[in-house]
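Numbering (my numbering), first residue to last: 2 to 377.
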């Protein structure tokens, strides 16, 4: 701990007073000198020790089917972590330096690099948080830095591994900690907590998973919780009753805008989610419950412009909803469906029972149409 505090203090001091001096290089050299000239390694301070020199010669991996089955779960986990790690760093630095990152290009780079590495018995390759931050910390800005590092690593591995024998392992941790501390943005976390508490809790769960179980487990925890939250939001969608904004043809949520105009006997509803199997029964039950609480309703108009997707289960639900409403003497009409949803409604035969849905008739046209029909 003493050495860690000392070298961390030196790094912060150099960054504060002399930013042009390569602090990490100074700390590495200084730590090696300290360990070489003292007997601290004999008192329990861990050092790197022997590093086998040379490079592995390329060869075709000896992989059998049983190896594939055994490694597949681990490979999938490594893929998730590698891709998330690489794209996360790319997104962070694209905002910082104003360039555009292509996730597909990153995926191709990761895949092709790992194929080559496989012939050299290397470890899986990904964009590293620690090394990327360290690169940025020392002032690297282009791919040339990666090329220079590769050349230096090859030369060191071939001829100078003995120079790092006495380097304390704690210095490696110090270099990464000092580089990573800038990544912790408390202002951003506070903003997330204020704007979306749920996303803040997901962030904290992921962070806790990383600290307690490891990077892979932490990322998986974050992915699983995010999936559950998204699934909950889709399966429990907000269903709004709409009214027309006075003097316009726009319809908005009556709860938010109580001064909106309503049409006697016509209930206009909007589902703020895709209509899929996960929420179809909820939508059906909720609309029926709304109608049952308003005996004067003779027509229900469903605004579909906030539903970008409709699957076969939801299409069948609309037919069942029409039948349930018809038993109550209530008509069902659909409006403002986007092209893909229109195609599904037509293919599933929903329009045969609810009437046509096209862009020639907007929501107001449909609402006025059912009002006029009942008036006649």
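Ideal placement from N, C-alpha and C gives every residue a C-beta, glycine not left out.
>> In chain order, what are the residue ranges of uninterrupted alpha helix (DSSP H) at least 4 long that sit wholly in the stretch 282–357?
In response: 313–328, 340–348, 352–355
> Can residue 266 and residue 298 be called in contact, C-beta distance under 8 Å?
Replying inline: yes
> In angstroms, rounded to a whole number, what distance separates the CA positions of residue 117 and residue 61?
Replying inline: 10 Å
>> Pop quiz: residue 136 and residue 146 are said to be a contact at Cβ under 8 Å. What is the actual Cβ separation, rounded to whole angstroms?
In response: 6 Å
>> Going by DSSP in three states, residue 169 sits in which element: helix, strand or coil?
In response: strand
>> I need the straight-line Cα distance from residue 80 to residue 229, nearest angstrom please.
In response: 21 Å
> Is DSSP giving residue 252 helix, strand or coil here?
Replying inline: strand
> So residue 21 is in the beta strand (DSSP E); what residue range does that whole segment cover?
Replying inline: Residue 21 -> no beta strand (DSSP E), and no H or E assigned at all.
> Quick one: what's residue 271 bridged to in DSSP?
Replying inline: 241, 304
>> Let's test the definition: count the other Cβ atoms within 10 Å of the Cβ of residue 153 and tell me whether it reaches 16, buried, or not, exposed.
In response: exposed
>> Would you call the stretch 330–343 in contact with the stretch 300–315, where contact means no fewer than 3 C-beta pairs closer than 8 Å?
In response: yes
>> Taking a contact to mean a Cβ-Cβ separation below 8 Å, would you say residue 325 touches residue 289 in this structure?
In response: yes
> In or out: residue 19 buried (at least 16 other Cβ within 10 Å) or exposed?
Replying inline: exposed
> Taking residue 284 as the reference, which of 87, 309, 239, 32 has the closest Cα?
Replying inline: 239
>> To the nearest angstrom, how far is the alpha carbon of residue 317 from that of residue 196?
In response: 37 Å
> So what does residue 264 bridge to, in DSSP terms?
Replying inline: 267
> Exposed or buried, residue 210, counting other C-beta atoms within 10 Å across all chains shown (16 or more means buried)?
Replying inline: buried
>> Would residue 8 and residue 175 be called neighbours here (beta carbons separated by less than 8 Å)?
In response: yes
> Residue range of the alpha helix (DSSP H) that residue 232 falls in?
Replying inline: 216–236
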